[in-house]
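In what follows, a single structure is set out as structure tokens and then discussed.
There are 2 protein chains.
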Amino acid sequence: MPRQSVPELKPVPRLLMGPGPINAYPQVLRALSVQLLGQFDPQFRRYMAETSALYRKVFQTRNRQTLMVDGTARAGIEAALVSLIEPGDRVLVLVFGRFGHLLSEIASRCGADVRTLETPWGTVFEPDAIERAVKKHRPKLLATCQGDTSTTMAQPLADIGRICARYGALSFVDATATLGGMPLPVDRWGLDVVSAGLQKCLGGPSGIAPMTISDRAAARIYQRRHIEQGLQKKGYRPGTGKRIRSNYFDLAMIMDYWSDQALNHHTEATSMLYAARECGRLLVAEGLTHAFARHATTSRQVLEGLRDLDLVPYGDLAHKMPNVTGVWIPKDVNGERARHRMLERHNIEIGTSFGPLHGKIWRIGAMGANARPAPVRRTLAALREVLRSERRR
Amino acid sequence: MPRQSVPELKPVPRLLMGPGPINAYPQVLRALSVQLLGQFDPQFRRYMAETSALYRKVFQTRNRQTLMVDGTARAGIEAALVSLIEPGDRVLVLVFGRFGHLLSEIASRCGADVRTLETPWGTVFEPDAIERAVKKHRPKLLATCQGDTSTTMAQPLADIGRICARYGALSFVDATATLGGMPLPVDRWGLDVVSAGLQKCLGGPSGIAPMTISDRAAARIYQRRHIEQGLQKKGYRPGTGKRIRSNYFDLAMIMDYWSDQALNHHTEATSMLYAARECGRLLVAEGLTHAFARHATTSRQVLEGLRDLDLVPYGDLAHKMPNVTGVWIPKDVNGERARHRMLERHNIEIGTSFGPLHGKIWRIGAMGANARPAPVRRTLAALREVLRSERRR
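Right under this line is the structure:
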């Protein structure tokens, strides 16, 4: 701790071109600075209802239960899993990168009997392989990421709902890395619970997790409804299912909090709700189709630029996420030193990766406010300079 | 969902004089609007370190482990309890209001063998009664609120550490409602884990939970360290204790995330971290002693003003929290209609209460930015008008 007093925040601005978080839209920063309201103020309840309605459009769903969990994207995942999984339930997790491991880790802490289906990093699953695994393991829940930023791959999900329906499983999709950047028509694909964060294609800060829950999944969760002591009203009867192990992540109570009952659960994270509303508002105003096309176009721009630099993109490009691109670090370049130079000299952040890919690939993100030609050009120009100077050393 | 597009946020401003959330300091709103940084940017890591250092001063502690949990105040409570409690552990909870019930509810969901010591609402416990209960139940953990806004009472805590030490228990204190508004010298009182939120005396938004953890408690938690799959480095050995049931609230991983190791856990809620830093910065710049005195003076102003209106304050005034005051709703006044009129006509929010006190008392908060003469005067003047018009009906 410095002896002198701590100064006001005044960071050197960075262009965030890693796998997320990214720069927030200026409108979102403005929304964050709006003065607070009480959580049961009619104005605030209207903002919550508007936020639900906006995210129904974002998730392309009619799910009544479309709400926010107050925490980072990981909080959304854990809320979904701990509310859906009763200890002992079998859960099948599709693992095609680090965040698949995270799903199985969280499911396992929820007491699930976890089975995994794995594929080499840089690839995705064929629907048939998924169906065989579901048939074999007969899980109550299938969990997968849509996009796993650790490998930059996006798993096709159009068949997941059909497969799950056939074998009586529910589905959970972690769309943190993709929501707003590529199609995810929740109802058309028959997905049950989908959660995300703001800090990728939605162009906001981490700290609140948008989520949508199908009626079927909501009914399953309500079977486990146990309103906390001190808030139970006359005539209250707990659900017949096992009480959810977490109070904070108890989606039955969170659904009641978001409903007209306005059950007193947490104190809504006002500023983050404002940010979520603004992110949803901007995306809906732009139009999903336009936003998806913008991310796809920018992705091509990144790939072309990398090839111009004689760099080799990573993984199965047919299934690359549009908003993140992996690229092999050239053998004659120190990857971490180059990243450091990008940050310190050019004020641009790009990412490394995890586990088997750590130090082998960089990850360049172009999403939300940064999925546009200018930030990509600036990044590629800086990378050209850094590669040149690294090779001169 | 309205057909027309959703407008930008522009709420009618409210003066928030309930039990929290309250209005944020303008400087905090400015901090919230600062552009984002990557979570491993050296600038951002420095902000995190500064935030830790500031909250060491706020908690009056030298605890190395002084950090933030990304979620509302309730997230901080659950992180502490789920990380401290192994299923089957005995936990003694002091219940002197609704938030004591919440602690026992959360502890019970963590698998604890929960015992409670209860006192009528509006009163607090004598140290002797606490010591007898600890001697009888021999808990591994004693959990209590410092202030319970549902009753406006503040439990004296100066003897808690000594009592726990004598019987080998750890202590947890939920200081959400009091931190920054009244003394809580964590080290002097020998408390183990204390958590809070920003939305009361600290003058910020809900959504991030400051926490401090004694070395003893941190060691207990590290015994349960199980780093998630995919992030384990060579030579990693899991702790001998039971794995913590939650990934998101696993304080062993969160401590590693905040440490120089910078373990990749969640993506820090950047804007909320900025807000927490600014709240801490303002409080430390003001000086704790000054802030406590300001809240105490304002409390007296509220009490005098209520007596001028011939209203009767609620509960044992010797133990009233300085930042919230309960007041009996006069028999000839419809409490909810009056609250509604305060909000709609005067743009001032005051609170009702829970359970046995619902509809019987109002709760008037004066904390953070609003613990000053002007907001209190405005509130009392509006209340005078509302009482008059209610009685004329």
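Just so you know, the sequences run in chain order P and S. Be aware that the first sequence starts at 1, since it is given in our numbering, and climbs by one per residue. Be aware that the second sequence starts at 1001, since it is given in our numbering, and climbs by one per residue. The beta carbon of each residue, even a glycine, is placed where N, CA and C say it ideally should be.
Cβ separation of C1201 of chain S and G1181 of chain S, assumed to be a contact under 8 Å, to the nearest whole Å: Looking up residue 1201 of chain S in the second sequence gives position 201. Looking up residue 1181 of chain S in the second sequence gives position 181. Yes, they are in contact, since the Cβ atoms of C1201 of chain S and G1181 of chain S sit about 3 Å apart, within 8 Å.
task: Would you mind telling me which residues of chain S sit closer than 8 Å to V312 of chain P, beta carbon to beta carbon, in chain order?
output: As a working note, residue 312 of chain P is residue 312 in the first sequence. Ordered by position in chain S, no residue passes the 8 Å Cβ test against V312 of chain P, which lies about 25 Å from the chain.
- request: State yes or no: is the beta carbon of I85 of chain P nearer than 9 Å to at least one beta carbon in chain S?
  value: Against the first sequence, residue 85 of chain P aligns to sequence position 85. Chain S contact via Cβ: absent.
- prompt: Name the chain S residues whose beta carbon is nearer than 9 Å to that of T266 of chain P?
  reply: Counting from 1 along the first sequence, the entry for residue 266 of chain P is found at position 266. Correcting the residue identity first, residue 266 of chain P is His in this sequence and not Thr. Per Cβ cutoff of 9 Å: G1071, T1072, A1073, R1074, A1075 and S1206.
field: Cα-Cα separation between I1160 of chain S and W1189 of chain S, rounded to whole angstroms
entry: Position 160 of the second sequence, counting from 1, holds the residue named residue 1160 of chain S. Position 189 of the second sequence, counting from 1, holds the residue named residue 1189 of chain S. Going by the C-alpha atoms only, they are around 7 Å apart.
- prompt: What residues match up with G1147 of chain S in a beta bridge as DSSP calls it?
  reply: Translated into the one-based positions of the second sequence, residue 1147 of chain S becomes position 147. Beta-bridge pairing links G1147 of chain S to S:A1154.
query: On the three-state DSSP scale, how would you describe W189 of chain P?
result: In the first sequence, counting from the first residue as 1, residue 189 of chain P sits at position 189. Here W189 of chain P sits in coil by DSSP.
- request: Return the CA-CA distance between H266 of chain P and C110 of chain P, expressed in angstroms with no decimal places.
  value: In the first sequence, the residue the question calls residue 266 of chain P occupies position 266. In the first sequence, the residue the question calls residue 110 of chain P occupies position 110. Straight-line Cα distance between these residues: approximately 21 Å.
query: Is the beta carbon of Q1027 of chain S less than 9 Å from the beta carbon of P13 of chain P?
result: Within the second sequence, residue 1027 of chain S is the residue found at index 27, counting from 1. Within the first sequence, residue 13 of chain P is the residue found at index 13, counting from 1. No. Outside cutoff.
task: For the beta strand (DSSP E) holding R1090 of chain S, just list the boundary residues, first then last.
output: The sequence position of residue 1090 of chain S within the second sequence is 90, counting from 1. Counting along the chain, the beta strand (DSSP E) containing R1090 of chain S begins and ends at R1090 to V1095.
- request: On a CA-only basis, which of S:K1140, S:E1385, S:M1048 and S:E1131 is nearest L1084 of chain S? Give me that one, please.
  value: Counting from 1 along the second sequence, the entry for residue 1084 of chain S is found at position 84. Among S:K1140, S:E1385, S:M1048 and S:E1131, the Cα nearest to that of L1084 of chain S is on S:K1140.
field: Counted within 10 angstroms of its Cβ, other Cβ atoms place S104 of chain P as buried (16 or more) or exposed
entry: Indexing the first sequence from 1 puts residue 104 of chain P at position 104. With 16 or more other Cβ atoms within 10 Å, it is buried.
query: Comparing the C-beta of T1270 of chain S with each C-beta of chain P, is any distance below 9 Å?
result: Along the second sequence, one-based indexing puts residue 1270 of chain S at 270. Closer than 9 Å: yes.
field: Span separating the alpha-carbon of W442 of chain P from that of I1022 of chain S
entry: Because chain P spans 1 through 393 in this model, residue 442 of chain P falls outside it and cannot be assessed.
Nearest-angstrom Cα separation, counted from P1330 of chain S out to H1340 of chain S: In the second sequence, the residue the question calls residue 1340 of chain S occupies position 340. In the second sequence, the residue the question calls residue 1330 of chain S occupies position 330. Their backbone Cα atoms lie some 16 Å apart in a straight line.
- prompt: Tell me, which residues are paired with F172 of chain P by DSSP?
  reply: Numbered from its first residue, the first sequence carries residue 172 of chain P at position 172. According to DSSP, which records beta bridges pairwise, F172 of chain P is partnered with P:A143 and P:V193.
task: Mind checking which residues open and close the alpha helix (DSSP H) that includes G1018 of chain S?
output: Counting from one through the second sequence, the residue named residue 1018 of chain S turns up at place 18. Unbroken run through G1018 of chain S: none, as it is neither H nor E.
field: Short CB-CB distance (under 9 Å) between E228 of chain P and chain S
entry: Indexing the first sequence from 1 puts residue 228 of chain P at position 228. Interface residue, yes.
query: Between N23 of chain P and chain S, is there a C-beta pair that is closer than 9 Å?
result: By 1-based counting over the first sequence, the position of residue 23 of chain P is 23. Interface residue, yes.
query: Counting only runs that start and end within the stretch 1183-1253 of chain S, where is the alpha helix (DSSP H) found for 4 or more residues in a row?
result: 1215-1222
- prompt: So V114 of chain P is in the beta strand (DSSP E); what residue range does that whole segment cover?
  reply: Here residue 114 of chain P corresponds to residue number 114 of the first sequence, with the count starting at 1. Per DSSP, V114 of chain P belongs to the beta strand (DSSP E) from D113 to E118.
Interface residues of the stretch 1179-1205 of chain S facing chain P [CB-CB below 8 Å]: G1197, Q1199 and P1205
- request: Below 9 Å between beta carbons is the criterion; list the residues of the stretch 101-116 of chain P that meet it against any residue of chain S, in chain order.
  value: H101, L102, S104, E105, I106, S108, R109, C110 and G111
query: Any C-beta of chain P sitting closer than 9 Å to the C-beta of P1238 of chain S?
result: Along the second sequence, read from residue 1 onward, the residue named residue 1238 of chain S stands at position 238. Judged by the 9 Å Cβ criterion, P1238 of chain S is not in contact with chain P.
message: Taking its Cβ as the centre, do 16 or more other Cβ atoms sit within 10 Å of K10 of chain P, making it buried, or is it exposed?
response: If you number the first sequence from 1, residue 10 of chain P lands on position 10. Its Cβ having fewer than 16 others within 10 Å, K10 of chain P is exposed.
- prompt: If A80 of chain P and F172 of chain P are in contact, beta carbons under 8 Å, what's the gap, nearest whole angstrom?
  reply: As a first step, residue 80 of chain P must be located in the first sequence, where it is residue number 80. As a first step, residue 172 of chain P must be located in the first sequence, where it is residue number 172. A80 of chain P to F172 of chain P, Cβ: 5 Å. Contact.
task: Kindly indicate which residue of S:P1356, S:I1348 and S:N1347 has the alpha-carbon position closest to the one of W1328 of chain S.
output: In the second sequence, counting from the first residue as 1, residue 1328 of chain S sits at position 328. For W1328 of chain S, the nearest C-alpha among the options comes from S:P1356.
query: Are the Cβ atoms of S1076 of chain S and M1272 of chain S separated by less than 9 Å?
result: By one-based count along the second sequence, residue 1076 of chain S stands at place 76. By one-based count along the second sequence, residue 1272 of chain S stands at place 272. According to the sequence provided, residue 1076 of chain S is Gly. The question's Ser does not apply to it. In this structure, M1272 of chain S does not lie closer than 9 Å to G1076 of chain S by Cβ.
Residue interval of the alpha helix (DSSP H) (run including L1387 of chain S): Here residue 1387 of chain S corresponds to residue number 387 of the second sequence, with the count starting at 1. Note, L1387 of chain S: alpha helix (DSSP H), P1373 to R1392.
task: Just the C-alpha distance for R74 of chain P and Q1039 of chain S, rounded to the nearest angstrom, thanks.
output: Indexing the first sequence from 1 puts residue 74 of chain P at position 74. Indexing the second sequence from 1 puts residue 1039 of chain S at position 39. So the two alpha carbons sit approximately 15 Å from each other.
query: With a cut-off of 9 Å, does the C-beta of M1001 of chain S fall near any C-beta of chain P?
result: Counting from one through the second sequence, the residue named residue 1001 of chain S turns up at place 1. Annotation note: pLDDT 44 at M1001 of chain S (below 50); position unreliable, coordinate value reported separately. Yes, M1001 of chain S lies at the interface with chain P (some Cβ there is under 9 Å from its Cβ).
task: Give a yes or no on whether the minimum CB-CB distance between A1374 of chain S and chain P is below 9 Å.
output: As a working mapping, residue 1374 of chain S is identified with position 374 in the second sequence. False, the Cβ-Cβ gap to chain P never drops below 9 Å.
message: To the nearest angstrom, how far is the alpha carbon of S1389 of chain S from that of R281 of chain P?
response: To locate residue 1389 of chain S, count along the second sequence from 1; it is residue 389. To locate residue 281 of chain P, count along the first sequence from 1; it is residue 281. Rounded to whole angstroms, S1389 of chain S to R281 of chain P spans 41 Å at the Cα level.
query: Quick one, are the C-beta atoms of V324 of chain P and A177 of chain P less than 9 Å apart?
result: Looking up residue 324 of chain P in the first sequence gives position 324. Looking up residue 177 of chain P in the first sequence gives position 177. It is a contact, given that the beta carbons lie within the stated cut-off.
field: Rounded separation between A366 of chain P and R393 of chain P - CA only
entry: Sequence index remark: in the first sequence, residue 366 of chain P carries index 366 (1-based). Sequence index remark: in the first sequence, residue 393 of chain P carries index 393 (1-based). Answer to the nearest angstrom: the Cα atoms are 29 Å apart.
- request: Measure the CB-CB distance between G203 of chain P and G351 of chain P and report whether it falls below 9 Å.
  value: If you number the first sequence from 1, residue 203 of chain P lands on position 203. If you number the first sequence from 1, residue 351 of chain P lands on position 351. The answer is no: Cβ separation not under 9 Å.
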